[in-house]
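Here is the structure we will look at, set down as structure tokens.
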């Protein structure tokens, strides 16, 4: 195919070309000039108590936000539902980075499912969270349990309040336990022995699961395994400490005989296998919010079967320590133009909102006076076979304080390093070293100085 | 040419800026190749690169071989039947991106998938979590990408085959060539440019894999890491750690690979030559 | 012998046909079942149309009918950007294929290089440019970057360089046409197939694009449907359990996800059906055959 222009390139094409290049360069020049002059976030010193506030909530907290809007018809509240940044997601980090670079767009209030989110939100380079001192009265703030406040305190300042406490207790199917003639275990050892018993006498029945992204918070945190412990300016990640290995030795036989499957409780497969009217969940160590959210709504276990028992003790060690799965921090943005309005929302959501019946709060409220009311209602909740509140209340103060919050999410490391391999048949004991190594790498990438002993 | 401002503003300028970011640090100071060496030493870099290269090669091979073969098969006997098949092949192309991943999340779950037989016996998985076990992922993603992308390319190849003058085919048939010979000796060489184009693009988009592992990361609750592919790692570096310089370095690594592949392909097939 | 060959050909095509079509069939049938019957009735079972209505109600109720907004956004972004692409890419491809001007090879190379540049590297600089032009938050922040579609330029380039014989152009030039009127009168009418092709690829690529809107849009009501689908995915309890509660009240389960996916596909399917003829007919329409 011959393609040519006869003689010289036609002048008209050259002219067109030249013109378009010139226009393009001018446009480009303008863009560059504009880019060089913008980009600095403006200092936020003007507060406007009538300014509308934007609130980011997850699906579970949406009723709270909607109730607030209903109760305050004169206020302008813009409610945005997002995924809650749970399970180790990093979406909020990316969004905040973008807002910081452009200098606007921050919501006024954010609810996060990751209890460690406030830690990085308070520090560079994000610098998103507002200090709560002065925004929320001290007498209100003091009604949160000390460990909860401690988790929201970074470098001596409080940056969040938690929506609920998520202490790990032992959920028990009283009906099945009575049916099989088992007694509720008080220690991890009794629990494991029951697991062995169930595997032989009633195969298919389980005493827990270890496949969730927070399995380590249930089994390792409560038993004092030092996977995230600040030592001055260093971070201790010792996954082969005796506290960790003893747990692995305890649970490995259970994983092997099928009474502690490495499956997530939220997958449809789990509900099919172990849930329903003929549910096979004998016991399950899990957080306070498992209550109806998991057993009723996810697993469809009928009413009159489940209740909560005290957190398990290791042999006869005291004090009893347990783990924590969640906490739901509420964070106020320091860039908010209506800090008072934002604070008002957060206070209302954590201290006032307490519907009855089937719309009840799914988690154990962190604000103590509200907790008392919530506990009273749960004690009369017909779903449970027996009053779960004594166990919930006792465990609330037993969360082990030797596990500290860090800026990086550890759930994906657990899922990726441990759960995938357990699904493939490996034992937890063999995975503790890789877990520690992976956590150490993650921590170093996040800027921590890691020690392994 | 109204195309030029777009090329410059959304093509050239960002590239130059990315180059600038790759050789400077976060306050604009020159650091040479420091960003490159630093990111290569990141513990997630090599696994991500391995994943992406394995995935890309599986996908590229399947794309070139199967797409060309299917297009030739369809073209060999153009009738109502073959146009129905073409439509069927193309159908999944409408689902590229998040939608196709969502469909495959269900396809990979032996409990609901119509292909549960294959999942259990070929992939050896009884549960969804086993379908996305680390070793299987590059192949799983290649299958998803093939399912979504092959149809479009088959249509393009078919169209390219249609530009071949009938006389050539006739002449070959008169000479006694069977359909297979015609396909391989006459048609195939004439669509060389299109195959080259497809290969270059497939290589580039393959190395840029992002959506599929990102969504599987979400759906698997973190079991598949959010830095499975190099592009994801670049995204995390940029938008989570604020390390735009490192992200730019990784992106340039990927471009380099793509450029090398593209150069090889262009040279071997003469894509830029307009005389034929 | 011929029959065996034909049967083999049909068998191969049929196997692949099943591979491509079966997941779609599943997708169409899935919203008719409830979350439990999805498993019990089997992949090809038909549930009931009532289930579809219920699934739609849940989907629509999600976050204040945001699903409708997402579809609307996708339409605006894709159609707006594709309109611009058609105006810019076709003449560009024509110029690159059929004219010789200094810098032609450079432009070609640049286009190709930009096409293979990873999105992650380009998104931040593009974002900064958009911010400088005060476009962040407006639909233009997505439409303008989408309007840059080098793949379309290449399609047009390859089309014009392989499908249009030089005789035609020579004939027009001998008749005294200048460059622009040559393009207008000769190349453009012959461009129908490539216009359809570029429209189709541009629309589909914009509709399916995930990364740019994901990075650039902060407000979820501005998301296109693809990013919206990922938000839906992360609101499905079985895929993203919310710690602190099950999130069951949101009512998004697997049938709703399937319905959302199905509905998200329909506009593209329509575009495909409309472009079918041009795509199928191939890339040459009535040109002079030497």
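Chains as they are written, first to last, in the working numbering: chain U, 1 to 453; chain D, 1001 to 1276; chain S, 2001 to 2290.
Where a beta carbon is used, it is the ideal one built from N, C-alpha and C, also for glycine.
Note that the coordinates shown come from a computational prediction; the quantities given were computed from them, not determined experimentally.
- Query: From residue 1239 of chain D to residue 2229 of chain S, what distance separates their C-alpha atoms?
  - Reply: Numbered from its first residue, the second chain carries residue 1239 of chain D at position 239. Numbered from its first residue, the third chain carries residue 2229 of chain S at position 229. Each residue's Cα considered, the two are about 21 Å apart.
- Query: Going by other Cβ atoms of all chains shown within 10 Å of its Cβ, with 16 needed for buried, is residue 2200 of chain S buried or exposed?
  - Reply: In the third chain, the residue the question calls residue 2200 of chain S occupies position 200. Buried, by the Cβ-count rule.
- chain D contacts from the region 2215 to 2228 of chain S (Cβ-Cβ distance under 9 Å): From the region 2215 to 2228 of chain S, only 2215, 2225, 2226, 2227, 2228 have a Cβ closer than 9 Å to chain D.
- Item | Near-chain D residues of the region 2045 to 2066 of chain S - C-beta to any C-beta below 7 Å | Listed by position along the chain: nothing, the set is empty.
- Counting contacts by CB-CB distance shorter than 8 Å, is residue 2141 of chain S in contact with chain D? Numbered from its first residue, the third chain carries residue 2141 of chain S at position 141. Cβ-Cβ to chain D under 8 Å: no for residue 2141 of chain S.
- On the DSSP bridge assignment, give the partners of residue 364 of chain U in chain order. Here residue 364 of chain U corresponds to residue number 364 of the first chain, with the count starting at 1. DSSP lists U/165 as partners of residue 364 of chain U.
- Task: With a floor of 3 residues, list each beta strand (DSSP E) that falls wholly inside the region 317 to 363 of chain U, ordered by position along the chain.
- Result: Scanning the region 317 to 363 of chain U from its first residue to its last, the whole beta strand (DSSP E) runs of 3-plus residues come out as 329 to 332.
- Query: Does any residue of chain S bring its CB to less than 8 Å from the CB of residue 188 of chain U?
  - Reply: Against the first chain, residue 188 of chain U aligns to sequence position 188. Not a single C-beta of chain S is nearer than 8 Å to the C-beta of residue 188 of chain U.
- Identify the contact partners of residue 2022 of chain S in chain D, using a Cβ-Cβ distance below 8 Å as the criterion. For the purposes of this step, residue 2022 of chain S is taken as the residue at position 22 of the third chain. Residues of chain D with a Cβ closer than 8 Å to the Cβ of residue 2022 of chain S are, in chain order, 1114, 1115.
- Query: Between residue 2208 of chain S and chain D, is there a C-beta pair that is closer than 8 Å?
  - Reply: Translated into positions along the third chain, residue 2208 of chain S becomes position 208. Chain D places a beta carbon closer than 8 Å to that of residue 2208 of chain S, counting this residue as a contact.
- Message: Which same chain residues end up closer than 6 Å to residue 466 of chain U when comparing Cβ atoms and leaving out the 5 residues on each side of it in sequence?
- Response: In this structure chain U extends from 1 to 453, so residue 466 of chain U is not present and cannot be described.
- Task: Could you give the DSSP three-state label for residue 373 of chain U: helix, strand or coil?
- Result: Mapped onto the first chain, residue 373 of chain U falls at position 373. Helix at residue 373 of chain U.
- Query: Distance, Cα to Cα, residue 469 of chain U vs residue 90 of chain U?
  - Reply: Not covered by the structure: residue 469 of chain U. The range shown for chain U is 1 to 453.
- Relative to the C-alpha of residue 403 of chain U, which residue among U/325, U/444, U/417 is closest? The residue given as residue 403 of chain U occupies position 403 in the first chain. Looking from the CA of residue 403 of chain U, the closest CA among U/325, U/444, U/417 belongs to U/325.
- Task: Give a yes or no on whether the minimum CB-CB distance between residue 2072 of chain S and chain D is below 8 Å.
- Result: Locating residue 2072 of chain S in the third chain gives position 72, where the first residue counts as 1. Not closer than 8 Å to any Cβ of chain D, the Cβ of residue 2072 of chain S fails to qualify, so no.
- Message: Considering only DSSP beta bridges, list what residue 129 of chain U is partnered with.
- Response: By 1-based counting over the first chain, the position of residue 129 of chain U is 129. U/333, per the DSSP bridge assignment.
- Message: Under 8 Å, Cβ to Cβ, is there at least one residue of chain U near residue 2282 of chain S?
- Response: Within the third chain, the letter at position 282 stands for residue 2282 of chain S. Because residue 2282 of chain S sits at a pLDDT of 48, beneath the cut-off of 50, its placement in the model cannot be relied upon, and the following sentence gives the value as read from the coordinates. Chain U, which has no Cβ nearer than 8 Å to the Cβ of residue 2282 of chain S, makes this no.
- Item | residue 249 of chain U to residue 1225 of chain D span [Cα, whole Å] | Position 249 of the first chain, counted from the first residue, corresponds to residue 249 of chain U. Position 225 of the second chain, counted from the first residue, corresponds to residue 1225 of chain D. Near 27 Å, if we compare the C-alpha coordinates of residue 1225 of chain D and residue 249 of chain U.
- Rounded Cβ spacing between residue 193 of chain U and residue 332 of chain U (contact assumed at less than 8 Å): To locate residue 193 of chain U, count along the first chain from 1; it is residue 193. To locate residue 332 of chain U, count along the first chain from 1; it is residue 332. Wrong, their Cβ atoms sit about 48 Å apart, outside the cutoff.
- Query: Taking C-alpha atoms, which residue in D/1248, D/1265, D/1256 lies nearest to residue 1017 of chain D?
  - Reply: Locating residue 1017 of chain D in the second chain gives position 17, counting from the first residue. Taking residue 1017 of chain D as reference, the option from D/1248, D/1265, D/1256 with the minimal CA-CA separation is D/1248.
- Task: State the beta-bridge partners of residue 173 of chain U as determined by DSSP.
- Result: Counting from 1 along the first chain, the entry for residue 173 of chain U is found at position 173. Under DSSP, residue 173 of chain U forms a beta bridge with U/306.
- Own chain residues within Cβ distance below 7 Å of residue 2255 of chain S, not counting five before or after: The residue you call residue 2255 of chain S lines up with position 255 of the third chain. Excluding positions up to five away in sequence, the list reads 2030, 2031, 2033, 2034, 2035, 2038, 2051, 2055.
- So with Cβ pairs under 8 Å, would you call residue 2039 of chain S a contact of chain U? Locating residue 2039 of chain S in the third chain gives position 39, counting from the first residue. Answer yes: the Cβ-Cβ gap between residue 2039 of chain S and chain U drops below 8 Å somewhere.
- Message: Here's the rule I'm using: 16 or more other beta-carbon atoms within 10 Å means buried, otherwise exposed. How should residue 1056 of chain D be labelled?
- Response: If you number the second chain from 1, residue 1056 of chain D lands on position 56. Counting C-beta atoms within 10 angstroms of its own C-beta, residue 1056 of chain D has 16 or more neighbours from the protein chains shown and is therefore classed as buried.
- Item | Meets three-Cβ-pair contact criterion under 8 Å: the region 422 to 440 of chain U and the region 338 to 348 of chain U | No: fewer than three Cβ pairs fall under 8 Å.
- Query: Does the beta carbon of residue 2009 of chain S come closer than 8 Å to any beta carbon on chain U?
  - Reply: Along the third chain, read from residue 1 onward, the residue named residue 2009 of chain S stands at position 9. So, not an interface residue.
- Would residue 119 of chain U pass as a contact of residue 154 of chain U if the rule is Cβ separation under 8 Å? The count along the first chain starts at 1 and reaches residue 119 of chain U at position 119. The count along the first chain starts at 1 and reaches residue 154 of chain U at position 154. Yes, they are a contact pair.
- Message: Under 7 Å, CB to CB, which of the residues in the region 99 to 119 of chain U have a partner in chain S?
- Response: Identification of residues in the region 99 to 119 of chain U having a C-beta nearer than 7 Å to some C-beta of chain S yields 99, 102, 105, 113, given in sequence order.
- Query: Under 8 Å Cβ-Cβ, which residues of chain S neighbour residue 82 of chain U?
  - Reply: Mapped onto the first chain, residue 82 of chain U falls at position 82. Those within 8 Å of residue 82 of chain U in chain S are 2220, 2231.
- What's the call for residue 1270 of chain D, buried or exposed, on a 16-neighbour Cβ count within 10 Å? Residue 1270 of chain D sits at position 270 when you count from the first residue of the second chain. Exposed, by the Cβ-count rule.
- Message: Counting only beta-carbon separations shorter than 8 Å, does residue 1042 of chain D have a partner in chain U?
- Response: Mapped onto the second chain, residue 1042 of chain D falls at position 42. At least one CB atom of chain U sits nearer than 8 Å to the CB of residue 1042 of chain D.
- Query: How far does the beta strand (DSSP E) with residue 234 of chain U in it reach, from first residue to last?
  - Reply: Numbered from 1 along the first chain, position 234 holds the residue referred to as residue 234 of chain U. Residue 234 of chain U -> beta strand (DSSP E) spans 234 to 236.
- Item | is_contact[residue 2251 of chain S, chain D] using C-beta, thresh 8 Å | Counted from its first residue, the third chain places residue 2251 of chain S at position 251. Judged by the 8 Å Cβ criterion, residue 2251 of chain S is not in contact with chain D.
- Could you tell me if the beta carbon of residue 2159 of chain S falls within a distance shorter than 7 Å of some heavy atom in the ligand MG? Because no ligand of any kind appears in the structure shown, any question about the ligand MG cannot be addressed here.
- Task: Determine the closest residue to residue 1214 of chain D out of D/1061, D/1205, D/1233, D/1197, with distance taken between C-alpha atoms.
- Result: As a working note, residue 1214 of chain D is residue 214 in the second chain. Taking only the C-alpha atoms, the option nearest residue 1214 of chain D is D/1233.
- Message: Between U/388, U/253, U/218, U/329, which has its C-alpha nearest residue 132 of chain U's C-alpha?
- Response: One-based indexing of the first chain puts residue 132 of chain U at position 132. Nearest option by C-alpha distance: U/329.
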